[in-house]
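Quick mapping for you: the protein sequence lines, in order, are chains C and S. Counting from 1 along the first sequence, just add 24 to a position and that's the residue number in the working numbering. Counting from 1 along the second sequence, just add 3 to a position and that's the residue number in the working numbering. Think of the CB as a built atom: it goes at the ideal place given N, C-alpha and C, for glycine as much as any other residue.
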Amino acid sequence: MDSLLNTGRPPVFCPGCSHERVTKALDKALSNMGLSGDKAVIVSDIGCSGLFDTFFNTHAFHGLHGRALTYAAGIKMAKPDLNVIVTMGDGGLGIGGAHLLAACRRNLNLTLLILNNFNFGMTGGQFSVTTPQEAQVGSGFLNRLEKSLDVCDVARSAGAPYVSRCSSYSSDLPDEIEKAVRFDGFSLIDMWGICPGRYTKRNKLTPQIIDETLAGFPSCSGIVEENKRKEYSHNYREIISKLKKVDPPRGIKAEFVFPESDRQEVIILGSAGQRIITSGDILCIAGLTAGLNVTQKNDYNITVLRGPSISEIILSPDDIGYSGIEKPSVIIALAQEGVDRRRYLFSDLAENTLIIRAAGVDTPESRATMLDVDLKARGIKSQDWALASLAVMAKLKKVINADMLNAALKLVFRETVLESALELVNRVEL
Amino acid sequence: MPLSLMEGNEAVAWGAMASGCGFFAGYPITPATTIFNTLLRIMPPAGGICLQGEDEIASIGYCLGASMAGLKAMTATSGPGISLYSEQISFAIGSEIPLVIVNVQRLGPSTGSATRGADGDINFMRWGSSGGLPVIVLAPVDIKDCFVLTMHAFNLAEEFRCPVFLASNKEIAMTKESIDLDAVEKPRIIDRIQSNEEKFLPFAVKEGSMVPDFLPIGSKTLVRQTSSTHGADGYITTDSNIISRFQNRLKNKLESAIDSFSFHDSFTDENADTLIITYGVTGRAAKVVINEQRKAGQPVSLLILKTLWPVPENLVRNKAKKAKNIFVFEMNMGQYVHEIERILPDKKVKFFGQMDGRLITPRQIMEAISNG
Ligand code: SF4
């Protein structure tokens with residue numbers, strides 16, 4: 025296969041820059057693989073390594089600093105047959121650290137070529153995550169204070185199934201790259217190189233020194249046995265091919281008559297564990313069985329198992345405009361913390377508001393009509409108080425009736441849960 | 004017409020499905036998370052891809068890659084996530100990558116209150132990107148809008164190749180509401196125009212068009228995408244004339260077309276000299292107010308804007324023609340009101356804002372307009 029180098033745009037690196045060798049090696053690897061340009065995309069990062077996409081006649085995607093792996097993942101998921109090759113410097117590695125970890129853990133079939141030259145070339149030789157502590161770079165003394173990172177080590181512990189480290193001057197670099205691209209999973213090559221434009225102005229680094237230093241590092245030559253596993257996109261597609269299609273909700277048939285003539289607001293004031301939200305759902309669905317428009321707003325702490333739990337429900341034969349509670353028809357007061365969070369509601373209540381109050385709950389003074397129910401004494405557990413209160417409303421034909429409530433229960437619950445809910449609702453006496 | 008009960012966020016998810024969305028990636032954040040939850044449930048079984056990113060920057064990055072590979076893509080977050088999206092949004096604007104971004108606004112600044120609503124990011128969505136070029140922002144009022152405007156957002160993203168925001172609000176997004184999905188009038192689906200040029204240039208614009216035709220990365224013809232200032236060929240350019248034409252095109256492709264997508268609801272009363280302008284969930288309280296005012300024999304007109312950016316200037320001028328007093332209500336400390344003041348320099352524009360996690364009530368609106 026022919027070279028994929030873009031002859032109209034030859035590399036523009038500083039003389040002696042090792043990126044040029046990587047450019048040629050990548051081209052060699054791709055042509056050895058017999059790939060045509062449309063079968064590969066080069067996703068390049070920012071900095072001198074970010075120029076790579078322009079030198080090749082392949083698909084190209086040049087984005088933001090450190091984020092190349094994110095675009096690459098989106099492309100690969102959308103086009104699983106495309107060879108996706110990411111070029112990134114040691115700068116991108118640092119700023120995009122979270123993406124590197126994610127790519128290693130995910131094992132999507134991408135190839136990451138790290139053009140590691142131990143500094144930020146383009147911006148003036150500042151230190152990167154791989155700069156040795158003893159190096160003299162453009163960040164003054166700062167790099168002496170930070171330990172440099174062994175990216176291969178990081179990649180392996182993050183789960184990368186293919187990790188390799190080599191010199192950009194290695195004669196089998198094209199083979200190294202080809203092996204990584206052919207690997208079915210996430211592969212990474214940490215390629216050590218030389219930046220004469222910046223780094224070697226003040227630091228001694230030659231291909232020979234690179235070889236000697238590499239010899240002292242633990243060897244990384246490709247497949248990491250303990251991380252071998254299924255490739256992500258195959259895995260993903262396999263799993264989703266077995267999922268059952270989900271249809272849009274079918275809607276609930278209107279079959280009952282609303283016992284009221286206009287908008288009704290209900291607020292349930294309870295605490296976590298009292299199934300307040302579920303009861304709010306049931307009330308809404310009861311509304312739907314009478315063809316009503318409904319809204320439901322819930323208020324609970326982020327720590328869902330503790331604190332107040334509140335549900336505000338509006339049922340109306342007309343369009344529901346304002347979705348806040350202004351003149352509640354019913355307040356169900358089941359726990360002190362719920363009542364306390366809505367204390368301000370009570371002062372404005374009119375006589376036609378009904379407060380259904382559980383024993384032991386204190387409500388602020390108001391003109392509303394009180395209905396105290398000692399649910400505990402009737403042997404009903406706290407988690408069923410909200411549902412029992414709906415049963416009270418249905419018995420009173422206030423907002424809902426028994427038909428609506430029973431129909432809603434049948435739509436929300438199944439089997440034994442349904443049986444016990446119906447039993448509870450029927451048991452509640454005024 | 005059987006009704007179902009769902010959250011605004013679920014309606015957004017179904018709207019995305021109805022639009023042909025093939026890719027979603029997001030990072031969990033209240034109050035946007037249920038969009039991800041819903042899509043994860045409904046999209047993969049239909050062959051779509053739904054991912055949880057390692058962070059917000061990654062989530063939108065995945066979407067940009069997938070969109071350039073030809074899929075309709077969407078992400079969803081809240082204010083803190085939009086901050087992290089910012090640089091990627093600039094990229095999507097400048098490199099003309101279609102994308103729908105749902106911003107379920109919550110009470111800021113910063114971490115703020117995760118479960119309290121606000122419309123605090125209205126100017127942030129427009130101006131929170133480097134370069135300052137326009138984006139499209141649509142604002143739903145209720146659950147139906149969550150569905151329909153999501154579809155419009157996809158259509159606009161495809162038609163204009165740009166990021167389109169859906170400016171939702173916790174108060175719509177996490178409120179459950181009855182909806183008849185079948186009865187909702189759905190817009191015709193628009194797909195990006197695929198190039199059939201023999202010599203494809205990724206950013207070339209045909210005579211009479213302002214938007215480049217598209218080919219996906221991975222097609223037979225080579226495609227280039229770049230975040231650098233580029234010419235029609237997708238290579239970096241330093242030619243000021245090319246750059247100038249390019250910037251103008253990015254601005255004009257949206258601003259010159261705004262009349263074709265100035266979504267709104269308006270209730271104009273011939274006898275009213277007061278006009279309320281608002282958007283989002285506050286529109287619901289305002290509708291209550293105009294009904295009350297009409298019954299009381301003191302009619303007031305109402306304009307609920309559903310396209311916020313680019314500013315639908317003609318629409319606003321037109322609707323405000325007869326009004327002497329303009330009242331702008333916002334769930335923030337005063338953002339969009341400055342646009343209204345700018346467009347209507349001869350009118351008295353009054354502002355009422357509230358950003359404390361509570362809805363603006365009909366009573367507050369009534370008081371504000373009767374106090375003049
Ligand atoms: S600055 Fe360094 S990395 Fe960049 S082109 Fe020059 S030598 Fe190469």
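Asked, Found
"Residues that DSSP places opposite C/M428 in a beta bridge", "DSSP, once it has assigned bridges, lists no residue as partnering C/M428."
"C/H43 beta carbon near the ligand SF4 (any heavy atom closer than 7 Å)", "yes"
"Proximity below 8 Å, CB of C/F210 to CB of C/N133", "yes"
"Distance cut-off 7 Å: C/P220 Cβ against heavy atoms of the ligand SF4", "yes"
"For S/I261 and S/G1, believed in contact at Cβ under 8 Å, the rounded distance", "What is shown of chain S runs 4 to 375, which leaves residue 1 of chain S out entirely."
"Cβ distance (whole Å) where S/A299 is taken to contact S/T364 below 8 Å", "About 17 Å separates the two Cβ atoms, so there is no contact after all."
"Distance, C/E289 Cα to S/Q367 Cα", "19 Å"
"Closer than 8 Å to chain S by CB, C/V318", "yes"
"Chain C residues whose Cβ lies nearer than 8 Å to that of S/R252", "In chain order: nothing, as chain C lies at least about 20 Å away."
"In DSSP terms, what C/L134 is bridged to", "C/V108"
"Host alpha helix (DSSP H) of S/N126 (start-end)", "125-130"
"Beta-ladder partner(s) of S/A170, from DSSP", "S/N106"
"Element boundaries [alpha helix (DSSP H), containing C/E170]", "C/E170 -> no alpha helix (DSSP H), and no H or E assigned at all."
"Whether C/S333 touches C/I309 by CB criterion (8 Å)", "no"
"Nearest-angstrom beta carbon gap, C/I356 and C/A410 [assumed within contact, 8 Å]", "7 Å"
"For C/V153, the nearest candidate out of C/M146, C/N141, C/P39 (CA to CA)", "C/N141"
"Beta-carbon proximity list for C/A382, same chain, < 7 Å, skipping 5 on both sides", "A357, L358, V397, L399, W409"
"Terminal residues of the alpha helix (DSSP H) in which C/F241 lies", "Element bounds for C/F241: n/a, residue is neither H nor E."
"8 Å Cβ cutoff, C/G345 in contact with chain S", "yes"
"Alpha carbon of C/M112 to alpha carbon of C/L136, nearest angstrom", "7 Å"
"Whole-Å CB distance - C/E284 paired with C/V423, under 8 Å assumed", "6 Å"
"Same chain only: Cβ atoms within 8 Å of C/N30, ignoring 5 sequence neighbours per side", "T78, F79, F80, N81"
"Nearest-angstrom Cα separation, counted from S/Q108 out to S/A121", "6 Å"
"Contact set between S/T178 and chain C, taken where Cβ atoms lie within less than 8 Å", "T319, Q320, K321, S347"
"Where the beta strand (DSSP E) containing S/L305 begins and where it ends", "304-308"
"Straight-line Cα distance separating S/D216 from S/E210", "12 Å"
"Same chain only: Cβ atoms within 6 Å of S/I220, ignoring 5 sequence neighbours per side", "M71, A72, V226"
"Which of helix, strand or coil DSSP assigns to C/M394", "strand"
"Length at least 4, wholly inside the region 349-420 of chain C: the alpha helix (DSSP H) runs in chain order", "360-365, 409-420"
"Interface partners of C/D62 on chain S, CB under 8 Å", "G221, S222, K223, T224, L225"
"Against chain C: residues of the region 260-271 of chain S by CB proximity under 8 Å", "none"
"Close beta carbons around C/S347, own chain, < 7 Å, minus the five adjacent residues each side", "T319, K321, I338"
"Buried versus exposed call for S/V303 [16 or more other C-beta atoms within 10 Å across all chains shown]", "buried"
"Bridge partners - S/V140, DSSP secondary structure assignment", "S/F168, S/W312"
"Enclosing alpha helix (DSSP H) for S/K256 [first to last residue]", "243-258"
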